[in-house]
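One structure is given here, and the rest of the page talks about it.
2 protein chains.
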Amino acid sequence: MKEITSLTNETIKLYASLNNKKEREEHHLFIVDGDHLVLEAYKHHCLEAVLFTDYLPQELKDYPNLIKVTDGIMAKISNVVDPKNIIGICKYKEQVLPSGATHLIALDGVQDPGNGGTILRSALAFGYQGLLLSNDSFDIYNTKFIRSTMGAFFALPIIRGDLVKLLLALKTNHKIIVADLVDEAKPLASCKFAEPLVIVVGNEGRGPTRAIRTLADEIVIIPISNNIDSLNVGVAASIIMNYFSNI
Amino acid sequence: MKEITSLTNETIKLYASLNNKKEREEHHLFIVDGDHLVLEAYKHHCLEAVLFTDYLPQELKDYPNLIKVTDGIMAKISNVVDPKNIIGICKYKEQVLPSGATHLIALDGVQDPGNGGTILRSALAFGYQGLLLSNDSFDIYNTKFIRSTMGAFFALPIIRGDLVKLLLALKTNHKIIVADLVDEAKPLASCKFAEPLVIVVGNEGRGPTRAIRTLADEIVIIPISNNIDSLNVGVAASIIMNYFSNI
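Below is the structure:
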């Protein structure tokens, strides 16, 4: 077990820099906070190093790259205030959709990593096998996203790319179901179950883009009151995923 | 129209202090950010004053208590970074359940104001008529809660109190439906519609308390995969409210 006490240690400076997206992308490393996420990363062979001050979960006692650090170093790297904190430095995941995936969720320009995390958590809960993400959506190595997935981050593949092209490639086999608030949308409760399928939800403000809407086999709406504009996107995606549940 | 330029003006000091819960409770005043929420507050007669720098929505031009302030004052009071920002200082609402309410949602110890806001937004969307809240839940005048309700805050009554007593009083007339992950819970899809009803969801970590569970006419579960512990509480509440939708 190593021990580092200097805030200016090069390894510590590198790890702290991973709070910055540019540095994450250069080093292909990211940070997770707390024993639950560190253990999930360990289980999924994503760990590069584990930093702790006092507390260490039993399962990690024999992990080869343990680094004992000071409270000051912990505070420099983590934005979670908790003396029992533990940090994992993780390698970027290989993200591959399983062949034969029958239930997928796609995000078209979703901005808030917390909404994204809620959606991935629900996706795993309802038996979905992967998440697709347009290039203009949030960064998937953002700490807030990873934390709000509650471990689903390590269990499901997340494919970022040109969403129109990704959906076009899937459309030969999958039904594309787009959530939108337009007049021609079909109330969810009247939609028949059809799989394999991809459910698509759009940006928090503007909904899905026109290019995505033209790819839809079905446009669905969750009926709501006239007294409010829309549902939270994480709620809307979760309700539709639950309706087409794979559990 | 007044104009204030001094950061040490007594009115400004009072308004800035409202970011603190203790001060809110003493003065029975709270802060809302952005033109959407300020206009909702105006529509619901909750406004005490409106602070702005340059931009002012047309609807507020004749509002009697407009105060033009500097960017520095705006930054001192608001935690939203936006040059177009506008702030409403609002009076605490009278919170009264409508008689004959058929659809209510209750939160037992929910901690995160963002989760609470998502739930209130969904409640309004699905035609629910009020929110009940245990004393150990989040503060409803917290800015993050109000912002995430997307205006539902002003449209629906929110009753905070001893949740066991509140539910006991309703139980003579209403079915109490409690969401929980226990073995004896009934899958949501097999529950029959029954109204008037109150749906209860519990704390993010521990779920509903035993005292609340003993009041349940029905304990329901949303079936999920074994690969994850639970759904986000805002998602779970929204799925159940949508299942028993009043729209």
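Protein chains in written order, with the numbering used here: chain C, 1072 to 1318; chain L, 1072 to 1318.
Even glycine gets a Cβ: it sits at the ideal position worked out from N, Cα and C.
Every value quoted in this text rests on a predicted model; they were computed, and no experiment measured them.
CA-to-CA, the gap between C/L1195 and L/S1296 works out to about 7 Å. Ranked by Cα distance from L/N1150, the options L/N1213, L/Q1166, L/I1176, L/A1240 are led by L/N1213. Within the segment 1215-1268 of chain C, complete alpha helix (DSSP H) segments of at least 4 residues are found at 1223-1226, 1234-1242, given in chain order. Neighbours of L/P1294 in chain C, taken as residues at a C-beta separation under 8 Å, are given in chain order as S1316, I1318.
Residues of chain C whose Cβ lies closer than 9 Å to the Cβ of L/A1250 do not exist; the shortest such Cβ separation is about 13 Å. With contacts defined as CB atoms closer than 9 Å, C/I1217 and C/V1121 fail to qualify as a contacting pair. Nearest CB-CB separation between C/D1142 and chain L: not below the 9 Å threshold. Excluding five sequence positions before and after C/N1313, the CB atoms of its chain that fall closer than 7 Å to its own CB belong to F1197, given in chain order. Within the DSSP secondary-structure output, C/I1176 pairs in a beta bridge with C/L1202, C/I1270. In this structure, L/I1290 lies away from L/L1268, with their beta-carbon atoms at least 9 Å apart.
Residue burial annotation: C/R1284 is buried, with at least 16 other C-beta atoms found within 10 angstroms of its C-beta. Of the candidates C/V1304, C/I1148, C/L1252, C/I1148 places its Cα closest to the Cα of C/V1140. Annotation for L/Y1086: I1148, I1160 place their beta carbon closer than 6 Å to its own, counting only its chain and skipping 5 residues before and after. Against L/F1197, the close residues of chain C are I1295, S1296, in the order they occur along the chain (beta-carbon pairs closer than 8 Å). The beta carbon of C/A1308 lies closer than 6 Å to those of I1190, V1272 in the same chain, with the five residues before and after it left out. Taking a contact to require three or more Cβ pairs closer than 8 Å, the segment 1200-1207 of chain C and the segment 1173-1182 of chain C qualify as touching. Excluding residues up to 5 positions away in sequence, I1290, V1291, I1292 lie with their Cβ nearer than 7 Å to the Cβ of C/A1256 in the same chain.
At a cut-off of 9 Å between beta carbons, C/N1156 makes no contact with chain L. One thing to note: C/I1144 has its Cβ within 9 Å of the Cβ of C/I1075. Bounds of any beta strand (DSSP E) do not take in C/G1305; it lies within the alpha helix (DSSP H) bounded by 1304-1314.
Taking 9 Å as the CB threshold, L/S1301 lines the interface with chain C. The C-beta of L/M1221 has 16 or more other C-beta atoms within 10 Å across all chains shown, which makes the residue buried. Residues of chain L whose Cβ lies closer than 7 Å to the Cβ of C/V1306 are, in chain order, T1189, S1193, G1305, V1306, S1309.
Contact check for L/A1240 against L/P1279 fails: the beta carbons are separated by 9 Å or more.
Membership of C/A1120 in the beta strand (DSSP E) is indicated by the continuous run 1118-1123. Taking a beta-carbon distance threshold of 9 Å, L/S1219 counts as an interface residue toward chain C.
Annotation for L/E1289: the continuous beta strand (DSSP E) segment containing it runs 1289-1292. Proximity of C/G1222 to chain L, defined by a Cβ-Cβ separation below 9 Å, is satisfied. Judged by beta-carbon spacing, L/F1209 lies within the 9 Å limit of L/D1183, meaning their Cβ atoms are closer than that value. Closer than 8 Å at the C-beta level to chain L, one finds no residue of the segment 1146-1175 of chain C.
At a beta-carbon threshold of 9 Å, none of the residues of chain L lie near C/N1274; the nearest stands roughly 15 Å away. Between C/K1215 and C/G1180, the gap from beta carbon to beta carbon reaches 9 Å or more. Annotated three-state conformation of C/D1106 is helix, per DSSP.
With respect to the C-alpha of C/S1219, the residue from C/G1185, C/I1211, C/P1228 having the closest C-alpha is C/G1185. With a cutoff of 9 Å on beta-carbon distance, C/L1259 and C/I1310 are scored as near each other. No residue range can be given for C/G1278, since it is assigned to no alpha helix (DSSP H) and is classified by DSSP as neither H nor E.
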